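Every letter in the sequence shown is one number past the one before it in numbering that gives the first Met the number 0, and letter 2, counting from 1, is 1.
For every residue, glycine included, the Cβ atom is placed at its ideal position computed from N, Cα and C.
Just so we're clear, the structure is a prediction, and the values are computed from it rather than from any experiment.
Comments concern the structure below.
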Amino acid sequence: MSDYPFTPLVESLPSTVPFVGPETQERQMGKPFRARIGANESVFGPSPK
């Protein structure tokens, strides 16, 4: 697996910074994202199949 470059902002974050999910970010902003791009992002959760 190759190493991926990170932006300076990401590089500067300490390992103690928690992940904040998109739903939480939308609530904090008071509006939904115009687009959500990413793997496995579904407000319905995992598929039951």
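Under the criterion of beta carbons closer than 8 Å, R35 and P21 qualify as touching, at roughly 6 Å. When the beta-carbon positions are compared, F18 and E25 stay at least 9 Å from each other. When the Cα atoms are used, V16 and E10 turn out to be separated by approximately 12 Å.
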